[in-house]
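Here the structure is laid out as structure tokens; the discussion comes afterwards.
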Amino acid sequence: MTNIAQILLNESGIREALREQFPHLDQLESLDGIQDLRLTGMKTRAQSFIGLDYEATATEDFYPHVRSKLIEKGIGSKNSVFVDTIGCKGTTNEYEKVLLSFSGIHTSLKVYNPEYNKK
1 MTNIAQILLN ESGIREALRE QFPHLDQLES LDGIQDLRLT GMKTRAQSFI
51 GLDYEATATE DFYPHVRSKL IEKGIGSKNS VFVDTIGCKG TTNEYEKVLL
101 SFSGIHTSLK VYNPEYNKK
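The sequence shown begins at 1 in the working numbering and counts up by one.
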């Protein structure tokens with residue numbers, strides 16, 4: 001992603017405006033189990049749909065089983081949080097990708113294992 005896109009998505013007030021409209025985003029962004037949360041993409045269709053893409057790194061107590069941990073923390077339910085992908089299984093780049101679906105907004109969350117980015 002280009003530097004300007006990172007600025008637009010993460011430093012321009014877009015995240016604040018989204019949190020005001022969608023309370024679960026505020027819960028997600030303040031969650032203790034993930035760190036380095038960044039908004040990596042945003043899609044809109046008409047006036048009734050927003051799709052957001054986030055990436056983060058999990059803490060030791062939040063990985064694996066990100067979906068169930070999100071539900072335990074009260075961010076969605078079994079009917080609104082879905083497992084999408086487990087990628088790069090068995091490597092330091094392993095991640096879980098979940099989809100959170102709420103009225104008018106779908107949020108994809110890619111959560112890397114705690115060893116990601118450790119040198």
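Think of the CB as a built atom: it goes at the ideal place given N, C-alpha and C, for glycine as much as any other residue.
Contact belief for residue i with residue j at Cβ below 8 Å, rounded distance in angstroms
i, j, result
"Gly74", "Gln27", "7 Å"
Residues that residue i bridges to, as DSSP identifies them
i, result
"Lys123", "Given that the chain is displayed from residue 1 to residue 119, the structure contains no residue 123 and the question cannot be resolved."
"Phe102", "Ile105"
"Gln35", "Thr57"
"Ile86", "Glu96"
"Leu52", "Met42 and Thr107"
Contact check, residue i vs residue j, beta carbons under 9 Å
i, j, result
"Ser108", "Lys97", "yes"
"Arg45", "Leu9", "no"
"Phe82", "Phe22", "no"
"Glu115", "Thr92", "yes"
"Arg15", "Leu25", "yes"
"Gly33", "Lys69", "yes"
Residue from the options with nearest C-alpha to residue i
i, options, result
"Gly51", "Leu8, Glu115 and Leu99", "Leu99"
"Tyr95", "Pro64, Lys78, Phe102 and Ile71", "Pro64"
"Ser48", "Lys89, Lys118, Asn113 and Gly104", "Gly104"
"Thr85", "Arg67, Asn117 and Ile71", "Arg67"
Practice task
Mind the definition here: the segment 101 to 115 touches the segment 39 to 55 only if three or more C-beta pairs lie below 8 Å; say whether that holds.
Solution key: yes
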